[in-house]
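Residue numbers (my numbering): 8 to 283.
Note that beta-carbon positions come from the ideal geometry of N, C-alpha and C, so glycine has one too.
Note that the coordinates shown come from a computational prediction; the quantities given were computed from them, not determined experimentally.
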Ligand SMILES: [Zn+2]
C-alpha cells in the first residue's frame, strides 16, 4: 500500500484498505508544555509514531493526529497528582503542566469539549463501516484518560464494533502508574524520531538538579505521590541522559505491545489481521 495516512489517501485506496481490514487508528495528544527542550506536540507525535508502526504491522489506516487533550486543576491535598507533591505550596491553582513560570500555556480542552470532539470522530468512522477503532493516546492526565476510556466503552458494540483505548506508553511497573512527563523516555522518543525538534541546550548543564516546578519535567513516581525530598527530577529520569537508541528500544516495545492488543481484538471480531 502507498500509505496508511488517511488524509493522504484517495477514496479507492481507503475503500480497499477498509475492505481488507476495517480498522482505524486515531492518535491523540494535547498541545502541552513538555519542558523547554521538547515540542508542544510531544504526546501527539508519540501517539502518531506508534499508530503508524502498528498499522504497518497489523493493517488499518491512521487518521490525522488529534492535537486535543484535557487536563484539570491539580488536587490541593498532598496525594498523587497534587501540586504539593510537585513542590508547590499546595494552595496554588495549577492546571495540568501549566506551572506559574511557564512562558507558554498548554492548549488543554475542557474535558467535556474534548470528549465531544473525539466522540464525533468515532461516530463518523463507525458510520463509514469501521469495526475496530483504536484511540492511541500519548497523554497521561488522569481525567483525559478516563474520558477516553469512557468513550471507548460507550462506543463499543460487540460483536459488530469495538473501540479500544490504547496507551502509547508502556505501563509502568506496579505499584506505579504514571509514565512521567518530558523526562528521559519522552525525550528519547523524539530523539529517535524527530531529533531536530529537541534542544537540550535549553536545560542547565548535566549535574545541575532539575526542579519539577521550575522546568515542568516530572518523573512518574513523583506524580504517583513519591517525589524526591528536594522535588528535583530523579537521575534515572533525567532528559539530559536521553538517547535515540533508548527511544528506538522503547518505541519497539510500545509498538509490539499495542500491535498484540489490536491483533487480538481484530481476531475476536472475526477480522483477519495481518501485514498488508
Ligand atoms: Zn507527554
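Three-way DSSP call (helix, strand, coil) for residue i in this model
| i | result |
| --- | --- |
| residue 6 | In the structure as shown, the chain starts at 8 and stops at 283, and residue 6 therefore has no counterpart that could be examined. |
| residue 222 | helix |
| residue 12 | strand |
| residue 101 | coil |
| residue 235 | coil |
| residue 243 | helix |
| residue 53 | helix |
| residue 41 | coil |
| residue 164 | strand |
| residue 22 | helix |
| residue 283 | With a pLDDT of 46 at residue 283, under the threshold of 50, the modelled position of this residue cannot be trusted; read the value that follows with caution. Of the three classes helix, strand and coil, the one that applies to residue 283 here is coil, per DSSP. |
| residue 267 | helix |
Residues of its chain near residue i, where Cβ-Cβ distance is below 6 Å and the 5 sequence neighbours each way are ignored
| i | result |
| --- | --- |
| residue 18 | none |
| residue 102 | 78 and 80 |
| residue 21 | none |
| residue 99 | 90 |
| residue 221 | none |
| residue 126 | 158 |
| residue 24 | 68 |
| residue 253 | 195 |
Sequence-distant residues of its chain with Cβ nearer than 7 Å to residue i (five each side left out)
| i | result |
| --- | --- |
| residue 276 | 138, 139, 166 and 169 |
| residue 320 | No answer is possible for residue 320: it lies beyond the span of the chain, which begins at 8 and ends at 283. |
| residue 327 | Absent from the structure is residue 327, since the part of the chain shown begins at 8 and ends at 283. |
| residue 183 | 227, 228 and 231 |
| residue 149 | 88 |
DSSP beta-bridge partners of residue i
| i | result |
| --- | --- |
| residue 172 | 142 |
| residue 31 | 68 and 140 |
| residue 77 | 116 |
| residue 151 | In the DSSP output, where bridge partners are listed per residue, residue 151 has none listed. |
Other residues of its chain near residue i: CB distance less than 8 Å, five sequence neighbours each side excluded
| i | result |
| --- | --- |
| residue 242 | 248 |
| residue 250 | 195 and 198 |
| residue 256 | none |
| residue 109 | 40 and 223 |
| residue 344 | Past the edges of the chain, shown from 8 to 283, lies residue 344, and the structure says nothing about it. |
| residue 278 | 28, 29, 30, 138 and 139 |
Is it the case that the stretch 41-49 contacts the stretch 83-96, given that we only count it when at least three CB pairs across the two stretches are under 8 Å?
Taking 8 Å as the limit for Cβ pairs, the verdict is that the stretch 41-49 does not touch the stretch 83-96.
For the pair the stretch 141-151 and the stretch 32-41, tell me if three or more CB-CB distances fall below 8 Å.
Yes, since at least three Cβ pairs between the stretch 141-151 and the stretch 32-41 fall closer than 8 Å, the two stretches touch.
Using 8 Å as the threshold, is the stretch 175-182 in touch with the stretch 202-222, meaning 3 or more CB pairs across them?
Contact between the stretch 175-182 and the stretch 202-222 is absent, with fewer than three C-beta pairs closer than 8 Å.
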